[in-house]
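Visitor:
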Amino acid sequence: MALSLFHDYLITGGMPEVVAEFLNNNDHLKAADIQQQILDSYIADMAKYATPEEVSKIIVSYNSLPAQLAKENRKFQYKVIQKGGYAGMFGAAIDWLTSAGLVYKCNRVTVPNEPLSVYSDMTGFKLYMNDPGLLVKKSGMPLRELLVVDMHTSSFIGPVVENYVASAFQSLGIPLFYWDSGNTAEIDFLIQGQSGVTPVEVKSGTNTRSRSIDVFRKKYAPSRIIRLSEKNFGFDNQIKSVPLYAAFCIEKEF
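Residue numbers for the sequence shown follow UniProt numbering, beginning at 1 and rising by one.
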């Protein structure tokens, strides 16, 4: 039951108007119409509040988000926006989107020391949309791929679930950071708390094997690890398992 409702949430997201429409009619297509209206209003606001020279860059940067997250390496790349794109060309557009609250920036950390903000690489980051349902709508992902019991036939489900976790952490006031080794391993999120830095790995299904966790553990020996997946609550080998639908409970750990 909880996982079924979680699948519904990935589609509807948490925008109040969308949630109200779905609760009133139990119709994902009608809810998706409201999502499109929200996305259209975002574009209209870009044209209204940004300077004329900024507007086109902001729009194409925003429109690139599904493609950015669909990459195996989800680090934001300016060349995905436009061939030959670079920070000097689109950096101000990214800043505008972040300041407007339309996207959430997750900064890369190469050495997970405290405080994470000091050791973050400001040139390396991932961008998430401010709502997982809007990402599903904007990407054009078929709803049937999220409504089935086994929703992992779609290669895009991973980015959607990761975006869900990012938006959940953002709503909890948890700063967004991730770690990578430079080429072979990546941890989706790092959380700084009373017991130090905790790696948080996100798995969209029940297959929780992870080479990245093994690499991180061997290199930094964290006191604990949190894994979000479709598995139930549990604890094994210093890894605390938390169901994806209970991501909001992580706040109590810190």
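Even for Gly, the Cβ is constructed at its ideal location relative to N, Cα and C.
Using CA atoms only, rank isn't needed, just tell me which of 68, 6, 164, 21 is closest to residue 176.
Guide: Checking every option, the nearest Cα to that of residue 176 belongs to 164.
Visitor: Please identify the residue among 209, 198, 180 whose C-alpha is closest to the C-alpha of residue 75.
Guide: Among 209, 198, 180, the Cα nearest to that of residue 75 belongs to 180.
Visitor: Note down the Cα distance separating residue 72 from residue 189, rounded to an integer number of angstroms.
Guide: Residue 72 and residue 189: Cα-Cα distance of roughly 16 angstroms.
Visitor: To the nearest angstrom, report how far apart residue 52 and residue 63 are at their CA atoms.
Guide: Taking the straight line from one Cα to the other gives about 18 angstroms.
Visitor: Bridge partners of residue 127, per DSSP?
Guide: Bridge partners of residue 127: 105.
Visitor: Under a three-way DSSP split, which group does residue 199 fall into?
Guide: Residue 199: strand per DSSP, three-state reduction.
Visitor: On a Cα-Cα basis, can you pick out the residue from 240, 248, 97, 36 that is closest to residue 135?
Guide: Comparing Cα-Cα distances from residue 135 to each of 240, 248, 97, 36, the minimum goes to 36.
Visitor: Less than 8 angstroms separating the beta-carbons of residue 54 and residue 93?
Guide: Yes.
Visitor: Do residue 104 and residue 111 have their C-beta atoms within less than 8 angstroms of each other?
Guide: The answer is no: Cβ separation not under 8 angstroms.
Visitor: Helix, strand or coil: how does DSSP classify residue 188 here?
Guide: Here residue 188 sits in coil by DSSP.
Visitor: Determine the direct distance from the alpha carbon of residue 125 to that of residue 224, and round the result to whole angstroms.
Guide: So the alpha carbons of these two residues sit roughly 24 angstroms apart.
Visitor: Going by beta carbon distance, what residues of the same chain come within less than 8 angstroms of residue 121, once the five residues before and after it are set aside?
Guide: Cβ neighbours of residue 121 beyond the five flanking positions: 107, 108, 109, 110.
Visitor: What's the call for residue 233, buried or exposed, on a 16-neighbour Cβ count within 10 Å?
Guide: Burial call: exposed.
Visitor: For residue 84, which of helix, strand or coil comes out of DSSP?
Guide: Reduced to three states, the DSSP call for residue 84 is coil.
Visitor: Is residue 222 helix, strand or coil when you go by DSSP?
Guide: Three-state result, residue 222: coil.
Visitor: Beta-carbon separation of residue 3 and residue 178 under 8 angstroms?
Guide: Contact flag unset, no.
Visitor: Where does residue 180 fall in DSSP's three states?
Guide: It is a strand residue.
Visitor: The alpha helix (DSSP H) that contains residue 133, what's its start and end?
Guide: 132-139 is the extent of the alpha helix (DSSP H) around residue 133.
Visitor: Using a 10 Å radius around the Cβ and a threshold of 16 neighbouring Cβ atoms, would you call residue 194 buried or exposed?
Guide: Counting Cβ neighbours within 10 Å, residue 194 comes out exposed, since fewer than 16 surround it.
Visitor: DSSP three-state label for residue 27, please.
Guide: Three-state DSSP puts residue 27 in coil, outside helix and strand.
Visitor: Just verifying my parser: in three-state terms, what is the DSSP assignment at residue 235?
Guide: Three-state result, residue 235: strand.
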